[in-house]
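Undergrad: Once you've had a glance at the structure underneath, I'll fire off some questions.
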Amino acid sequence: MKLLTHNMLSCHIKGVQNGFPFKIDPVKVQEVDADYDPDFLRHIFPRLEWKALCEAAATMGAPGLPEEVTEEMLQDDEFLRSFHHALLELVLEEGALICPETGRQFPVHKGVPNLLLNEDEN
Amino acid sequence: MLRDHIADVRLTHADRDVYEPSDDSFVLVDALVAAAESWRKVPPRICVEVGSGSGYISCSIALLLQQLGIAAHCISTDINPAAVSATACTLQAHNVLGKVDLIRSDLLQGLRARLHRAVDLLVFNPPYVPTPDEEVLRSGIAQAWAGGNRGRIVIDKFLPVVGDLLSAQGHFFLVTVAENDPEEIMSIMQQHGLSGSIVLSRRADEELLSIICFKRETVTD
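As you go down the protein sequences, you meet chains A and B in turn. Read in order, the letters of the first sequence are residues 191 to 312 in this note's numbering. Read in order, the letters of the second sequence are residues 317 to 537 in this note's numbering.
Below, the structure is given as C-alpha cells:
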C-alpha cells in the first residue's frame, strides 16, 4: 500500500467520528520506483490531506516534507520529486493501520490492508 | 491497437475460490477498451475497481493506462482473501503489480469518506445472478456471483454510494444481465444525478449481458 492510498482511507467503524488518518505501525517498508509525472502530482495535490501525508511519510522513514505547500513549490522539480517519493515510492508491506479514535488495528499483510469489520463494528 | 493491451487470460490467476474471467469479464473489458480512446483527452487519474476477483479487469485497466502513458492511481478491493491474492498474482504476471493498490474490504468500506467526488473511473462487475437471498451471505466464490432476488441485492446496496464518489468527469461501468432490469437501475441512478446508457450488450449462453456506463448529468439551466 502506497501513502496515496493511505491518504484515502479512514476508519469506518460505526460511531467513529475522527477516523482519519490511520496511524501507521510500519513493520516492513519497501522502497519502489514509480514513474515521475508532475502533472499527476499537481492534479492529485488538492485531493490530499497534506499533514497526514507528511506524518505518514515520516513514520515510514522519509521525514522532511515541508509543512506548507505553495503554488510555486508545485512548479519546483526538487519539491515535486520529494512529494512523488513520499506519495508513490514508499510501500507499507507489513504492519498495521491504527484507528486514531479507537486504537483498533487493521493488519497489513503482503502490502494489503484488511479493512473488514467484525459484525459488532458495522 | 489498444485492444492488444489487455490482460492475457492465460496469465490470469484464479483457483477454485476465485471467479475466473468469463463472458461478463470479457464484455466489460471490451467496453473499457472502447472508452479508453477518450482517456487520451481526459485522463482518469483515480481508478477504482470493486470486487476485483481474478484481477483480469483491474489488470486490463492498468495495462491500458500504461499503454496510453497515463499516470493514474488505481485501487482494487475484494472481500475474498483468495481473490485479493489472485489479483496480485495476475498483476504480477503482467508486470503491473506496482500500479494497483489492493485492499481487502467489503465493497468500498474505508474508502468512501475520502473518495468524495474523486473517482474518475469506477468499475463493478457485481454478483448479478438471481439466487435465493440467503446465498448472498455465503462466503467464498458464491460471493462472486450470488445476487439474491433479481440479482439485485449487492447492486442495490452499492448504487447509492456511486453519486458521492464520481468526480465531475467520472464514469462508472456496471455489468448487468437482463434479469437485473438495467432500465430500472438507470432510472434509480437518475435520482442520484447520474445518467446511464448501455454501451455494450452481448448474449452469452443463457445471459443477456449489458454494460451500463454512468456519468454526472450535465446541469443545463
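The beta-carbon is built from N, C-alpha and C at its ideal position, and this holds for glycine as well. Please read all numbers here as calculations on a predicted model, not as lab measurements.
Whose C-beta lies closer than 6 Å to the C-beta of residue 201 of chain A among residues of the same chain, with five residues either side of it excluded?
TA: The sequence position of residue 201 of chain A within the first sequence is 11, counting from 1. Correct list, in chain order: 209, 289.
Undergrad: Going by alpha carbons, who is nearest to residue 282 of chain A out of A:271, A:297, A:234?
TA: In the first sequence, residue 282 of chain A corresponds to position 92, counting from 1. Checking every option, the nearest Cα to that of residue 282 of chain A belongs to A:297.
Undergrad: Measure the beta-carbon distance from residue 199 of chain A to residue 427 of chain B and round it to whole angstroms, keeping in mind my assumption that it falls under 8 Å.
TA: The residue given as residue 199 of chain A occupies position 9 in the first sequence. The residue given as residue 427 of chain B occupies position 111 in the second sequence. The Cβ separation is near 6 Å, so the contact holds.
Undergrad: Is there at least one Cβ from chain A nearer than 7 Å to residue 512 of chain B's Cβ?
TA: The count along the second sequence starts at 1 and reaches residue 512 of chain B at position 196. No, no contact with chain A.
Undergrad: Look up residue 537 of chain B in the DSSP assignment and say whether it is helix, strand or coil.
TA: Mapped onto the second sequence, residue 537 of chain B falls at position 221. Residue placement at residue 537 of chain B is flagged as unreliable, the pLDDT there being 46, under the threshold of 50; the coordinate-derived value follows with that caveat. Residue state, collapsed to three classes: coil.
Undergrad: Is the CB-CB distance between residue 475 of chain B and residue 514 of chain B below 7 Å?
TA: As a first step, residue 475 of chain B is located in the second sequence; it is residue number 159 there, counting from the start. As a first step, residue 514 of chain B is located in the second sequence; it is residue number 198 there, counting from the start. Cβ distance not < 7 Å, so residue 475 of chain B and residue 514 of chain B don't count as in contact.
Undergrad: Beta strand (DSSP E) containing residue 241 of chain A: first to last residue?
TA: Working through the first sequence from its first residue, we reach residue 241 of chain A at position 51. Per DSSP, residue 241 of chain A belongs to no beta strand (DSSP E); it is in the alpha helix (DSSP H), 240-249.
Undergrad: Can you list, in chain order, the residues of its chain with a C-beta nearer than 8 Å to that of residue 417 of chain B? Leave out the 5 residues immediately preceding and following it.
TA: Counting from one through the second sequence, the residue named residue 417 of chain B turns up at place 101. Once the five neighbours on either side are set aside, the close Cβ partners of residue 417 of chain B are 389, 390, 391, 392.
Undergrad: I want to verify the contact list: residues of chain B whose CB lies under 9 Å from the CB of residue 275 of chain A, in sequence order.
TA: Position 85 of the first sequence, counted from the start, is the residue given in the question as residue 275 of chain A. None at all; the shortest Cβ gap to chain B is about 14 Å.
Undergrad: Is residue 519 of chain B helix, strand or coil by DSSP?
TA: By 1-based counting over the second sequence, the position of residue 519 of chain B is 203. Reduced to three states, the DSSP call for residue 519 of chain B is strand.
Undergrad: Out of A:247, A:242, A:258, point me to the one whose CA is closest to residue 275 of chain A's CA.
TA: Working through the first sequence from its first residue, we reach residue 275 of chain A at position 85. Nearest of A:247, A:242, A:258 to residue 275 of chain A, Cα basis: A:247.
Undergrad: Residue 263 of chain A to residue 269 of chain A, Cα distance in whole Å?
TA: Residue numbering aside, residue 263 of chain A sits at position 73 when the first sequence is read from its first letter. Residue numbering aside, residue 269 of chain A sits at position 79 when the first sequence is read from its first letter. For residue 263 of chain A and residue 269 of chain A, the distance between alpha carbons rounds to 6 Å.
Undergrad: For chain A, find out if any of its Cβ atoms is closer than 7 Å to the Cβ of residue 436 of chain B; answer yes or no.
TA: Mapped onto the second sequence, residue 436 of chain B falls at position 120. For residue 436 of chain B, the answer is no, since every Cβ of chain A falls outside 7 Å of its Cβ.
Undergrad: Buried or exposed, going by whether 16 or more other CB atoms sit within 10 Å of the CB of residue 498 of chain B?
TA: As a working note, residue 498 of chain B is residue 182 in the second sequence. Classification of residue 498 of chain B: buried, given that the 10 Å Cβ count is 16 or more.
Undergrad: Apply the 10 Å Cβ neighbour rule to residue 260 of chain A and answer buried if 16 or more other Cβ atoms are within range, or exposed otherwise.
TA: Here the question's residue 260 of chain A lines up with position 70 in the first sequence. Exposed.
Undergrad: Let me check one thing: in DSSP terms, what residues is residue 526 of chain B bridge-paired to?
TA: Residue numbering aside, residue 526 of chain B sits at position 210 when the second sequence is read from its first letter. Answer is B:492, B:517.
Undergrad: In angstroms with no decimal places, state the Cα-to-Cα distance between residue 537 of chain B and residue 509 of chain B.
TA: Within the second sequence, residue 537 of chain B is the residue found at index 221, counting from 1. Within the second sequence, residue 509 of chain B is the residue found at index 193, counting from 1. For residue 537 of chain B, the predicted model reports a pLDDT of 46, less than 50, meaning its position is unreliable; a value from the coordinates is still stated below. Roughly 15 Å separates the two Cα atoms.
Undergrad: According to DSSP, is residue 402 of chain B part of a helix, a strand, or is it coil?
TA: As a first step, residue 402 of chain B must be located in the second sequence, where it is residue number 86. Residue state, collapsed to three classes: helix.
Undergrad: Kindly list the residues whose CB is nearer than 7 Å to the CB of residue 525 of chain B, restricted to its own chain and excluding five residues on each side of it in sequence; keep chain order.
TA: Numbered from 1 along the second sequence, position 209 holds the residue referred to as residue 525 of chain B. Taken in chain order, the residues that qualify are 339, 340, 343, 491, 493, 517, 518.
Undergrad: If you measure from the beta carbon of residue 298 of chain A to each beta carbon in chain C, is any gap under 7 Å?
TA: The chain labelled as chain C is not found among the protein chains of the depicted structure, namely A and B.
Undergrad: Could you please tell me which residues of the region 215-246 of chain A, in chain order, have their CB closer than 9 Å to any CB of chain B?
TA: Those would be 222, 223, 224, 225, 226, 227, 229, 230, 231, 233, 234, 237, 239, in chain order.
Undergrad: With a 10 Å radius around its C-beta and 16 neighbouring C-beta atoms as the bar for buried, classify residue 217 of chain A as buried or exposed.
TA: Reading the first sequence from its first residue, position 27 is the one you call residue 217 of chain A. Classification for residue 217 of chain A: exposed.
Undergrad: Alpha carbon to alpha carbon, how far is residue 531 of chain B from residue 360 of chain B?
TA: Here residue 531 of chain B refers to the residue found at position 215 of the second sequence. Here residue 360 of chain B refers to the residue found at position 44 of the second sequence. Roughly 13 Å separates the two Cα atoms.
Undergrad: Could you please give me the residues that DSSP links to residue 440 of chain B through a beta bridge?
TA: Here residue 440 of chain B is taken as the residue at index 124 of the second sequence, counted from 1. In DSSP, residue 440 of chain B forms a bridge with B:366, B:490.
Undergrad: Let me make sure I understand the geometry here. Which of A:278, A:305, A:309, A:228 has the alpha-carbon closest to that of residue 219 of chain A?
TA: Start at 1 with the first residue of the first sequence, and residue 219 of chain A comes out as number 29. Nearest C-alpha to residue 219 of chain A: A:278.
Undergrad: Classify residue 195 of chain A: buried if its beta carbon has 16 or more other beta carbons within 10 angstroms, exposed otherwise.
TA: Translated into the one-based positions of the first sequence, residue 195 of chain A becomes position 5. So residue 195 of chain A ends up on the buried side.
Undergrad: Where do the ends of the alpha helix (DSSP H) carrying residue 341 of chain B lie?
TA: In the second sequence, residue 341 of chain B corresponds to position 25, counting from 1. Taken as a continuous stretch (DSSP letters only), the alpha helix (DSSP H) holding residue 341 of chain B covers 339-355.
Undergrad: Out of B:415, B:357, B:468, which one is the CA nearest neighbour of residue 223 of chain A?
TA: Looking up residue 223 of chain A in the first sequence gives position 33. Looking at the Cα atoms, B:415 is the closest of the given residues.
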